[in-house]
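2 protein chains.
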Amino acid sequence: MKEGPDIAQIGALIGDPARANMLTALMGGKALTATELAAAGGITLQTASTHLAKLEAGRLLAQRKQGRHRYFTLADDAVGKLLESIMGFAAGRGHLRHQPGPKEPALRKARICYDHLAGDYGVRMLDSLVARGAIDAVGDGLALTAKGEDTFKCIGINVADLKTSRRPLCRSCLDWSERRAHLAGSLGKALLASFFDKGWARRTAGSRSVIFSPEGERRFLALFPVETPVAA
Amino acid sequence: MKEGPDIAQIGALIGDPARANMLTALMGGKALTATELAAAGGITLQTASTHLAKLEAGRLLAQRKQGRHRYFTLADDAVGKLLESIMGFAAGRGHLRHQPGPKEPALRKARICYDHLAGDYGVRMLDSLVARGAIDAVGDGLALTAKGEDTFKCIGINVADLKTSRRPLCRSCLDWSERRAHLAGSLGKALLASFFDKGWARRTAGSRSVIFSPEGERRFLALFPVETPVAA
DNA sequence: TCCATACTTCGACCGTAGCCGAAGCATCTT
DNA sequence: AAGATGCTTCGGCTACGGTCGAAGTATGGA
Chain A
1 MKEGPDIAQI GALIGDPARA NMLTALMGGK ALTATELAAA GGITLQTAST HLAKLEAGRL
61 LAQRKQGRHR YFTLADDAVG KLLESIMGFA AGRGHLRHQP GPKEPALRKA RICYDHLAGD
121 YGVRMLDSLV ARGAIDAVGD GLALTAKGED TFKCIGINVA DLKTSRRPLC RSCLDWSERR
181 AHLAGSLGKA LLASFFDKGW ARRTAGSRSV IFSPEGERRF LALFPVETPV AA
Chain B
1001 MKEGPDIAQI GALIGDPARA NMLTALMGGK ALTATELAAA GGITLQTAST HLAKLEAGRL
1061 LAQRKQGRHR YFTLADDAVG KLLESIMGFA AGRGHLRHQP GPKEPALRKA RICYDHLAGD
1121 YGVRMLDSLV ARGAIDAVGD GLALTAKGED TFKCIGINVA DLKTSRRPLC RSCLDWSERR
1181 AHLAGSLGKA LLASFFDKGW ARRTAGSRSV IFSPEGERRF LALFPVETPV AA
């Protein structure tokens, strides 16, 4: 009760199951309405409304009104990073949700982590980029190499544009399912966006999982090869 | 309610003020008894006992019996890292505890972050090590250089011993007060321990702050110089 | 053996926070 | 203007979890 920042406040904010579910739903990166979030939390609209007000007051969520809808998103990527890190911790301790639903495998394979690709494919992508020297990995830090700048130009991503943002270009994010790093930051965001643009993959309706088309999957795997074809 | 790890459980665990205070107290790195933790949490012994049981069941805490005392510590350094990252997040949002006590300045200057040095001095130390090429920093990742291995040998730290541990040698840890990285990992731990051994600094009784002796402070600042003498 | 210390368990109390029905605003549609 | 949709606020209910007093268990020392 005397020193340092108050971790209890945000712990309590995240500690309610309904709120945790809503936050998890928002990890999909899409802005969601209060009604959608109520469904995600398994509660009525009224209850969701009070929860959302609390989350907003705690600055975990941001909202913008659009017509008669109110769209909520995570306040910024620091929130996403925090949530993913807590997820990683929870997964490591075996604090899994009670029923590992049928969607679990798809989720482990490829999912959205706030705004970038996570799961097996996310980890594979980063591994491949490091192996080809496009990204430099030291400890758990990542940096774009000169060679990498060319690589991404070929893929159709203009790194120069991304550099204008104050947000870091490369950032490692611990993957809770793989327990290894995947690529976050504005570059990670741009890569995922490009997969959607090219039609290689699409988001799913009510989940964070990412579904690749057969053609998209082929292209993706060809673009990001790994030395040992299966596992490490 | 369907996918991914359960962040609500650990959120709730951290979300109670009494528990949060006890966890914060344990960030000091020392093992504490149930009685001491009850005081830290501002609750009676009985209440503390139930809280501690919950924290242990949630695998945030480990205990070992020693005589009629029961000593509690954070379960492992993953817990410490999680807590510090939540603190960093909370500090960034201005979720500070209500009264910024008189100890705050000392805490910002130098404190223990589970088992290594944090605060202004912790950040300064890492900056200096990077500047002299002992540690390589890429993004937010850290790695020991060959040159650094010699440097630490001069300081009296045998890096080879540390390498035997499975724990990473260098790890960056975000400092909640400075909002920049300081050095964690077994090397960070060994450095702090050496400061205590040499009598340069000592822990304080009920707080995480680290107090340098005048002589120790002089030596520390000489050992870890920074280009711009004051601030950046 | 007996008492003191350290801690846990039990039982009961209480407050708070979550929850929903109903009513109230606000915004869009026709 | 009237109705529909999206969301918030109010009021009251309920239950869960935190809290402590009191009693119970283990360890250490005299």
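Protein chains in written order, with our numbering: chain A, 1 to 232; chain B, 1001 to 1232.
Note that beta-carbon positions come from the ideal geometry of N, C-alpha and C, so glycine has one too.
- Counting along the chain, D1161 of chain B sits inside the alpha helix (DSSP H) bounded by residues V1159 to K1163.
- Close to F89 of chain A, with beta-carbon spacing below 7 Å, are these residues of chain B in chain order: I1010, A1078 and L1082.
- When the alpha-carbon of H1116 of chain B is set against those of B:L1191, B:L1082 and B:L1144, the nearest one is in B:L1191.
- A residue is called buried once 16 or more other Cβ atoms fall within 10 Å of its Cβ, and T24 of chain A is buried on that count.
- Contact note: A1137 of chain B reaches chain A through V138 and G141, using a C-beta cutoff of 8 Å and chain order.
- If you draw a straight line from the Cα of T35 of chain A to the Cα of A48 of chain A, it is about 8 Å long.
- Annotation for S1209 of chain B: K1103, A1106, L1107, A1110 and R1111 place their beta carbon closer than 7 Å to its own, counting only its chain and skipping 5 residues before and after.
- The stretch 36-46 of chain A makes no contact with the stretch 124-136 of chain A; the number of CB pairs closer than 8 Å stays below 3.
- Comparing C-alpha distances from S172 of chain A to each of B:A1146, B:L1142, B:R1019 and B:A1062 shows the shortest one belongs to B:L1142.
- Residue contact check for I86 of chain A against chain B: a CB pair falls below 8 Å.
- Here K147 of chain A is exposed, its C-beta having fewer than 16 other C-beta atoms within 10 Å.
- Close CB contacts of R219 of chain A within its chain, under the 7 Å cut and outside five residues either way in sequence, are with W200 (chain order).
- For D136 of chain A, the enclosing beta strand (DSSP E) has its first and last residue at I135 to V138.
- Taking a contact as a CB-CB distance under 8 Å, the pair A57 of chain A and W176 of chain A does not count as one, their CB atoms being some 27 Å apart.
- Among the CB atoms of chain B, none fall inside 8 Å of the CB of I43 of chain A.
- A direct Cα-Cα distance of roughly 14 Å separates L174 of chain A from D77 of chain A.
- Contact of G1122 of chain B with chain A by beta-carbon distance below 7 Å is absent, the smallest such distance being about 14 Å.
- At a cut-off of 8 Å between beta carbons, G133 of chain A makes no contact with chain B.
- Beta bridge pairing from DSSP links K1109 of chain B with no other residue.
- Taking 8 Å as the cut-off, the beta carbon of I135 of chain A is found no closer than this to the beta carbon of S194 of chain A.
- At a C-beta separation below 7 Å, P1105 of chain B has no neighbours in chain A, since its nearest C-beta there lies roughly 11 Å away.
- Taken through DSSP and simplified to helix, strand or coil, T33 of chain A comes out as strand.
- Between the C-alpha atoms of A18 of chain A and L52 of chain A there is a straight-line separation of about 10 Å.
- Beta-bridge annotation (DSSP): L144 of chain A is paired with A:I135.
- Within the stretch 19-91 of chain A, the complete alpha helix (DSSP H) segments at least 4 residues long are 34-41 and 45-57, listed from N- to C-terminus.
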